[in-house]
Ligand SMILES: Nc1nc2c(c(=O)[nH]1)N[C@H]1C(S)=C(S)[C@@H](COP(=O)(O)O)O[C@H]1N2
Ligand SMILES: [Mo]
């Protein structure tokens, strides 16, 4: 008999249990391995926990698909969203020179980063797809600083489990687990298709987490919080999405 890896065992264990004994048991198993999404006790319940836990065990290190340059969309769609605030427009008026990204929570060195400070931490570009939950998508080149570089600079404490990120506008916010936060394709994005990131696409600074659906890709981010729990952060569900009927975990 071939030795079964621990991950394989856990994955097939969780999936098989779900079929045989129902989702509640899968939920208990996932809980044992700490694979519970922040809104896992809510309306999406054990179903979402199963999707999240199984995908995480199978795809922990997987890369989102990257495309050749020729596949970049000629007319990418900027989802307009609500109008931008006066606070945003004030910062835009002087070329975002005063834009700051605050980093707090479970970090050794909380700080406030200008766009130049972020860029100094490193650059990566990749050609990936934005896929909206409503069914449309486009491919673009995204240029930014891997989130992991910033997390290394601030020194994430070992008990951290999530990174929450907040927009200056639209009450939009979200969070991801450390697997996505430390993933090399997760970018604090400030460029697109060889130029600055246009405001319509979330400029000057947007989270790009290409392993998840469009709504996790929050535009106009001004704050990151590293935490071990979503309780006490906004509505406690880890994201603005659950209030609108979409799950916290949106892996693709
Ligand atoms: N601040 C903010 N971020 C946001 C949104 C928004 O309305 N405001 N819309 C989200 C949704 S639902 C999607 S699908 C993508 C759309 O990205 P795009 O405008 O680049 O197409 O941005 C996400 N990020
Ligand atoms: Mo969306």
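In the numbering used here, the protein residues as written are 4 to 255.
Every residue, glycine too, gets a C-beta built ideally from N, C-alpha and C.
Note that this is a predicted model, so its numbers are computed, not measured.
For ligand 1, I want to know if residue i counts as a neighbour, meaning its beta carbon is within less than 7 Å of at least one of the ligand's heavy atoms.
i	result
residue 82	yes
residue 217	yes
residue 88	no
residue 252	no
residue 223	yes
residue 220	yes
residue 170	yes
residue 145	no
residue 91	no
residue 204	yes
residue 175	yes
Going by beta carbon distance, what residues of the same chain come within less than 7 Å of residue i, once the five residues before and after it are set aside?
i	result
residue 249	136 and 218
residue 145	128, 129, 131, 190, 192, 195 and 211
residue 156	124
Beta carbon of residue i: closer than 7 Å to some heavy atom of ligand 2?
i	result
residue 132	no
residue 136	yes
Cα-Cα, which of the options is closest to residue i?
i	options	result
residue 103	206, 201 and 155	206
residue 196	225, 247, 153 and 131	131
residue 208	189, 141 and 77	189
residue 226	84, 176, 73 and 81	176
residue 94	231, 202 and 40	202
residue 253	121, 133, 108 and 142	133
residue 117	70, 105 and 110	105
residue 114	237, 148 and 158	158
residue 173	85, 54, 58 and 147	85
residue 187	68, 38, 76 and 142	68
residue 147	120, 234, 96 and 246	120
For residue i, count the other beta carbons within 10 Å of its own beta carbon; 16 or more makes it buried, fewer makes it exposed. Which is it?
i	result
residue 13	Unreliable placement is indicated for residue 13, whose pLDDT of 48 sits below 50; the coordinate value is still reported in the next sentence. So residue 13 ends up on the buried side.
residue 139	exposed
residue 220	buried
residue 74	exposed
residue 222	buried
residue 153	buried
residue 112	exposed
residue 42	buried
residue 108	buried
residue 242	buried
residue 56	buried
residue 7	Low confidence applies here, because residue 7 scores a pLDDT of 47, under 50, leaving its location unreliable and the question unanswered by this model.
residue 160	exposed
Taking CB distances under 8 Å as the criterion, tell me whether residue i reaches chain D.
i	result
residue 138	Absent from the structure is chain D; it holds one protein chain and no more.
Can you list, in chain order, the residues of its chain whose CB lies under 8 Å from that of residue i, leaving out five sequence neighbours each side?
i	result
residue 81	201, 203 and 204
residue 51	40, 42, 43, 250, 251 and 252
Just to confirm my understanding: we take residue i, look at its own chain, exclude 5 residues before and 5 after, and list those with CB closer than 6 Å. What are they?
i	result
residue 162	231
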